[in-house]
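Visitor:
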Ligand code: SIN
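Numbering (my numbering), first residue to last: 1 to 277.
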C-alpha cells in the first residue's frame, strides 16, 4: 500500500506496519492525518520511531483522530492531563497495565476507537508489546464455528482487569456481540478477550467457560500477531476495534515508562454492518 506523505513497511502479513517519513513532533497536514488514518485501518497497528513528542503534542496527535476518551479504570496522569494515562512499572510493581491479552476498555459501553502510546523509558531488554489481528482470528475459524458464534453476546467486566490494581474501585460492565463488524472496513472479527470478557450471555456457565477458553486461546495464536520492540520515543497507534494486545512483563525489576491517550469510539461494537449511506 502506498501513501503520499509516508512510507509503510508491514511487520507481518496480517497485522502491523512501521511508518517512516513523517514527523509527529510538528502539526500534521491534512494529508498526513489522512495517510495515518488509512494506514491504521489497513494494518490494525502502526509504529513510529524517533518521535520525541511532549504531552501536549501527544494530546494534539490524538485529537487529529477524534475526541479523547477518559480512562474508566485507571486515573489520569494529573489534573492538567486527565486524558493521559501513565503506563509505568518498576521494582515496586505488583502488576502492569496490559499484562493479559485484551482490547482496551471493552467493559465500556463505547470502547475507545484506538490508543496512542509514546514510550519514554525502556528496560535494558524486553518490555515488547504483542498485537493480534481479530480479523484474521475470525477468518481462521471454521464455517460451522462462525455460524455457531453468530448472534451471541458477551458480558465485559472492568473489574476483571482493574480490581487487581484497586479492589475497592467500581468498574464498567457492558454487553457486546461476540462477533462484531468493524465500522469502517465492515469486516467481521472476534470481539471477546481474556482481560475483560466474563461470560457469554446465552450459554450456561460451563458452556460459556469452554467456548471462551477456546476463543481466548485462538485469538492469542502467534500466526496473527506482530511483536513490537520499543525504543525510546517509539510510538504505537492501534485500532482497538480489530486488534488485541499484550504488554510482556519480562523485565522486572527494571523501569518502563510511557504515556498514552485513547481516542473515543463513535458507537458501540456492531453485530451487523450498517447500511451503506
Ligand atoms: C496497554 O495495555 O495499553 C499497555 C501496553 C504497553 O504497555 O505496551
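Even glycine gets a Cβ: it sits at the ideal position worked out from N, Cα and C.
Measure the alpha-carbon distance for residue 40 versus residue 19 and round it to whole angstroms.
Guide: Approximately 10 angstroms between the Cα atoms of the pair.
Visitor: Does residue 224 come out as helix, strand or coil in the three-state DSSP assignment?
Guide: Of the three classes helix, strand and coil, the one that applies to residue 224 here is helix, per DSSP.
Visitor: Considering only C-alpha positions, which residue in the set 24, 243, 256 and 236 is nearest to residue 138?
Guide: Ranking the options by Cα distance to residue 138, first place goes to 243.
Visitor: Nearest-angstrom Cα distance between residue 194 and residue 116?
Guide: Distance between the alpha carbons of residue 194 and residue 116 is about 21 angstroms.
Visitor: Let's see if you can read the secondary structure: which residues bound the alpha helix (DSSP H) around residue 43?
Guide: Counting along the chain, the alpha helix (DSSP H) containing residue 43 begins and ends at 30-43.
Visitor: Is it right to say residue 95 is buried, meaning 16 or more other beta carbons lie within 10 angstroms of its own, or is it exposed?
Guide: By the 10 Å Cβ count, residue 95 comes out exposed.
Visitor: Per DSSP, what kind of secondary structure is residue 208 in: helix, strand or coil?
Guide: It is helical.
Visitor: Within the continuous beta strand (DSSP E) that includes residue 108, where are the two ends?
Guide: Counting along the chain, residue 108 falls outside any beta strand (DSSP E), and DSSP gives it neither H nor E.
Visitor: Within a Cβ cutoff of 6 angstroms, which residues of the same chain sit near residue 278, ignoring the five residues on either side of it in sequence?
Guide: Since the displayed the chain opens at 1 and closes at 277, residue 278 lies outside it and no answer follows.
Visitor: Kindly provide the ranges of any beta strand (DSSP E) runs that are 3 or more residues long and lie completely inside the region 237-274, ordered along the chain.
Guide: With a minimum length of 3 residues, the continuous beta strand (DSSP E) runs that stay inside the region 237-274 are 243-247 and 256-263.
Visitor: Return yes when the C-beta of residue 245 is under 7 angstroms from any heavy atom of ligand 1, and no when it is not.
Guide: Yes, ligand 1 has a heavy atom inside 7 angstroms of this Cβ.
Visitor: Tell me whether residue 18 sits in a helix, a strand or coil according to DSSP, three-state version.
Guide: Three-state result, residue 18: strand.
Visitor: By how many angstroms is the C-alpha of residue 187 removed from the C-alpha of residue 38?
Guide: Each residue's alpha carbon lies about 15 angstroms from the other.
Visitor: In the DSSP assignment, what residue or residues form a beta bridge with residue 234?
Guide: The partner list for residue 234 (beta bridge, DSSP) is empty, contrary to what the question assumes.
Visitor: State yes or no: is the C-beta of residue 260 nearer than 7 angstroms to some heavy atom of ligand 1?
Guide: Yes.
Visitor: Smallest Cα separation from residue 161: which of 176, 98 and 205?
Guide: The residue with the shortest Cα to Cα distance from residue 161 is 98.
Visitor: State the DSSP-derived secondary structure class of residue 88, mapped to helix, strand or coil.
Guide: Residue 88 falls in the strand class under three-state DSSP.
Visitor: Let me check you understand the geometry: is the CB of residue 117 closer than 7 angstroms to at least one non-hydrogen atom of ligand 1?
Guide: True, at least one ligand heavy atom lies under 7 angstroms from that Cβ.
Visitor: Pick out whichever of 182, 106 and 1 has its Cα sitting closest to the Cα of residue 273.
Guide: Comparing Cα positions, the closest option is 182.
Visitor: Find out if the Cβ-Cβ distance for the pair residue 172, residue 158 is shorter than 8 angstroms.
Guide: Yes. Within cutoff.
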